[in-house]
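Since the structure comes first, as structure tokens, the remarks are kept for the end.
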Amino acid sequence: MAEEKEFRYDPAAIETKWQERWAANPALYAAEPTDSGKPKFYVLEMLPYPSGQLHMGHVRNYSIGDALARHMWMRGYNVLHPMGWDAFGLPAENAALKNNTPPREWTLSNIAAMKRQMQRLGLGYDWATEVTTCLPDYYRWNQWFFLRMYEKGLAYRKKSKVNWCPECATVLANEQVIDGKCWRHEDTIVEQRDLVQWFFRITHYAQELVEGLDKLEGWPEKVRTMQRNWIGRSEGTEVDFGVENRSDKIRVFTTRVDTIFGATSVQLAPEHPLVAEFTANDPKLKTEVTRLVEEQGRAREAGDVGGIDKHGVPTGHFALNPYNGERVPIWVANYVLMDYGTGAIMSVPGHDERDFEFATKYGIPVRRVIAPPAPNVEEPSMPFVSEDGVLVNSGRYDGMTCSAAQKQLQESAARQGFGEAKITFRLKDWGVSRQRYWGTPIPMIHCERDGLIPVPDDQLPVILPAQIEITQQGGSPLSRVPDFVNVSCPKCGGPARRETDTMDTFVDSSWYFYRYTDAKNGSAPFDPARVRYWFPIDQYIGGVEHAILHLIYSRFWTKVMRDLGLVRNDEPARRLFTQGMVIKDGAKMSKSKGNVVSPDDMVARYGADATRMYALFAAPPDRDLDWQEDGVAGVSRFLGRVWRLTAKYAPLVHSGTQNQTETQRVEPVAQKLRRKLHQTIAKITQDFQGRWHFNTCVAAIMELVNEIQAADAQIAAGEVPSPILAELLRNLVLLLAPFAPFVAAELWEELGEKGAILRAPWPVSNPELAREDEIEFPVQINGKLVIVVRVPAGSDSKTMEAAALADEKVAARLAGKTVAKTIVVPGKLVNLVVK
RNA sequence: GCGGAAGUGGUGAAAUGGCAAACACACUAGCCUUAGGAGCUAGCGCCGCAAGGCUUGCGGGUUCAAGUCCCGCCUUCCGCACCA
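Mapped onto this note's numbering, the consecutive letters of the first sequence carry residue numbers 207 to 1041.
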């Protein structure tokens, strides 16, 4: 009875013990030198923003990565498994306003708290490579890269309409605007403002970023598709329409130049420069255009940009089709976007849905210039948007196929100098300026005499001043820090002003994973040789919400670094895994819904092992996971069973009292348990190779434990020789190690093992031992199950058929009928087809 | 509208075209007790006393055999959305 108590599984006690041991031995989780001779494996989870609290999404993300890392360690790989902090960002400033805490302190204390949480969870990170992006030893390299990009013309300044969030009081990237609203403030309409901003020329790599997607076979199709859509490559033609009585031209972009003889109007975006000229001495037109713009604003407010009614106003001016000189009216239309293509379109209502809708509304003529291919006599309904057809009403191009006509028209335009083939991208350059304090200072100086001067490398880092008052006034907080702003020009020594904008935090996360390989390097962002060894990342794991922003910027940054000669890989990560969301009661966990489950709370109640293991057990990792606390309790109970089982049999293993049976015939029960063990090893090992159904891996371990437990009486009776018992328990614990590291470490010790389980070799399945000696197979009649029959493994078709026919139930069903056909799948089933 | 994923018991889910519901949770009955968020035994898709029948969103198809493959539809979630 007293013994029973000793067997109680007490997660808190063992987890504390191992946390201390692991903290005292950081080498355990450290990457080895690049010449260690082992194959390398770089497993990376997306670094968190240090909000102060891990949430369940983090726990799930890191449980997946940690299981993989542990498995690879046990497989003998040199594993790099780092963690860091995406530590710049607005919340720190908000917190400063609210609590009057400096952003730096707030951030660093959050980091300490979250690091503690990670250690409590038993996540095996190499803390020697920890990266904290808000510290100068990291962000100086953001500045260094910025300067390199400036030198190559990849960083530039331009005045542009920018997305301005009044709530953040800053500019947002296009990627941060969702349905016209701020990504951080779902209720705040993003305004358009004109500001001089810094941009990274990501469009320089647009083509390569699209092409590269085809080669990223280890990335989810979903992510690749999202990126492809975002980059939005579109092949077409630019054509200049003349403007009647003016020397201007209107350049339009079209993917269907073959329909140009059907253009019955030209439509300009309200912001098109020509519109300003037209309205300059036409107050009535000006009023109408203004109304058009206001409508657009309202539609954006309603979050319904796509569904907005098409409106337009005729300008009274006329455009001239360069191919035939046709005179068509110029309109201003609210469905034409200034920031895509040229901000002007030719409107072909006969062959475009939107143009058709617009033309019908305003009585603009609809002309058919494409006819369906020859034998099709049916008159197509308008608009006929198919590209499978031939040209009509198109002068000397009549009769050509669409694709042939496109080519000819492009060549003709190029020859006559009024157009050319053109590839347009939806992707725009990355606006990186932020009028915020808590970010990387942009290392540029504005000199009255010399203009824009880069900060010399030897003056990096430009340190973010610590003492600063955070207010809610607009503009950059840094501009109100004279010590920061006022500098002498590096070139002429005269008075100059520092750039006071800081960088978008997505800059920080675009290359952090390179820094992990050489986190303490004080003279370069990293040693290229180390990056060459570790890159590309073998497995990147994170949430799908970063499919566009972070994952495109990271790919861009890699290409920039490659072109700077710093790295040799074209892409950052070979494989990407996006885990599903953690939901509760059918909704994503959120404070507003009040359905947040705290990891600390789960760990306190059920232990870190149970919390982690449940996160892997409740659903396959790529699917959404419904958090059910009862499920965590169930996993905790399971770990308790493993605990008691091992504790109970460990003495038998140690004593070796049953060793004499070793030479004797192995009892069926021992053979059966051993078979189950080797099947389980095979299953789990296979899953780690890529299928990653960790939920069924956990289930398989449960089955194994259930089977051992069911054999309790026989084990007690000595029917399982102690070497086999030892093999069962040792391997059970090894299999558990990636999923429940604390319990595994403790039981490993309990079994008398001295070394770290993390360095113990991953078990190998012996196919001989895993093989069943009898098989069960279903006997069907016309595909319907009748009975299940057993035969020795390896039985041939004849034996199986005979066994099936010998069954009386089968015989009864066959009485009076003839078997027309017999299907025997060896080892699988027998199906009798009767009439 | 375009693109993607998914629809299976009361719940989370499982199933290389070959016994649908493994493994758990919840529930029911019982046992045990140091009364624990403990342990053990048994039951648990639906209809039916049973024999048996039915069952993977709906409708077709391919196949000896379909949750799985093909065609059409419905629903839900996610992303993009006037992109010329």
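We treat Cβ as the ideally placed atom computed from N, Cα and C, and that holds for glycine.
Looking at the ligand ZN, does it come within less than 7 Å of residue i, judged from the CB to the closest heavy atom?
i	result
residue 543	This structure lacks the ligand ZN; in fact it carries no ligand of any kind.
Note down the Cα distance separating residue i from residue j, rounded to an integer number of angstroms.
i	j	result
residue 738	residue 464	49 Å
residue 573	residue 771	55 Å
residue 783	residue 352	30 Å
residue 826	residue 898	8 Å
residue 801	residue 789	9 Å
residue 223	residue 839	22 Å
residue 364	residue 635	11 Å
residue 686	residue 496	36 Å
residue 1032	residue 830	38 Å
residue 460	residue 708	38 Å
residue 178	residue 357	Lying before the first or after the last residue shown, residue 178 is absent from the chain, which here runs from 207 to 1041.
residue 1055	residue 306	Outside the shown range of the chain (207 to 1041) lies residue 1055, about which nothing can therefore be said.
residue 521	residue 484	7 Å
residue 267	residue 428	18 Å
residue 669	residue 663	13 Å
residue 794	residue 787	7 Å
residue 868	residue 248	With a pLDDT of 46 at residue 868, under the threshold of 50, the predicted position of this residue should be treated as unreliable, and no value is reported.
residue 881	residue 934	10 Å
residue 837	residue 730	48 Å
residue 674	residue 299	11 Å
residue 639	residue 710	6 Å
residue 1036	residue 1028	7 Å
residue 416	residue 762	11 Å
residue 239	residue 848	37 Å
residue 401	residue 371	13 Å
residue 918	residue 942	20 Å
residue 1016	residue 994	10 Å
Tell me residue i's beta-bridge partners as DSSP assigns them.
i	result
residue 250	746
residue 552	472
residue 668	None, per the DSSP bridge assignment.
residue 953	Partner(s): none; residue 953 has no beta bridge.
residue 291	338
residue 415	BP columns for residue 415 are empty, so no partner.
residue 958	Beta-bridge pairing links residue 958 to no other residue.
residue 1037	986 and 1029
When you compare each of the options to residue i by their alpha carbons, which one comes out closest?
i	options	result
residue 458	450, 452 and 475	475
residue 1030	883, 544 and 1007	1007
residue 944	677, 908 and 904	904
residue 321	341, 343, 299 and 288	288
residue 719	219, 422, 253 and 823	253
residue 913	885, 942, 901 and 879	879
residue 648	349, 1018 and 744	349
residue 828	749, 683 and 721	749
residue 834	820, 843 and 844	820
residue 367	874, 420 and 477	477
residue 602	228, 611 and 310	611
residue 812	257, 271, 326 and 275	326
residue 548	531, 480 and 493	480
residue 531	577, 746, 518 and 470	470
residue 1010	418, 1023, 992 and 1024	992
residue 593	958, 375, 462 and 781	462
residue 677	936, 369, 448 and 373	373
Only counting runs of 3 or more residues, tell me where the beta strand (DSSP E) segments fall wholly within the stretch 441-476, in order along the chain.
455-460 and 471-474
Just to confirm the assignment: which complete beta strand (DSSP E) runs, minimum length 3, are found wholly within the stretch 364-401?
376-378
Ordered list of alpha helix (DSSP H) runs contained in the stretch 688-742, each at least 4 residues
688-691, 711-714, 718-721 and 734-740
Using 8 Å as the cut-off, can you tell me whether the stretch 405-415 makes contact with the stretch 372-390, which would need three or more C-beta pairs spanning the two stretches below that distance?
no
Please specify which runs of the beta strand (DSSP E), each continuous and at least 3 residues long, are wholly inside the stretch 580-661, giving them in chain order.
625-630, 650-653 and 657-660
Pick out the complete alpha helix (DSSP H) segments inside the stretch 806-889, 4 residues or longer, and give them in chain order.
814-823 and 835-861
Between the stretch 850-861 and the stretch 230-250, do at least 3 Cβ pairs fall closer than 8 Å?
no
Within the chosen definition, does the stretch 803-817 reach the stretch 261-274 through at least 3 CB pairs nearer than 8 Å?
yes
Quick test of the definition: if touching needs 3 or more C-beta pairs under 8 Å, does the stretch 998-1007 touch the stretch 978-986?
yes
What are the complete alpha helix (DSSP H) segments, minimum 4 residues, inside the stretch 299-350?
309-326
On the three-pair Cβ rule with 8 Å, is the stretch 554-574 touching the stretch 641-655?
no
Taking contact to mean 3 or more Cβ pairs, one atom from each stretch, closer than 8 Å, check whether the stretch 270-290 and the stretch 301-315 are in contact.
no
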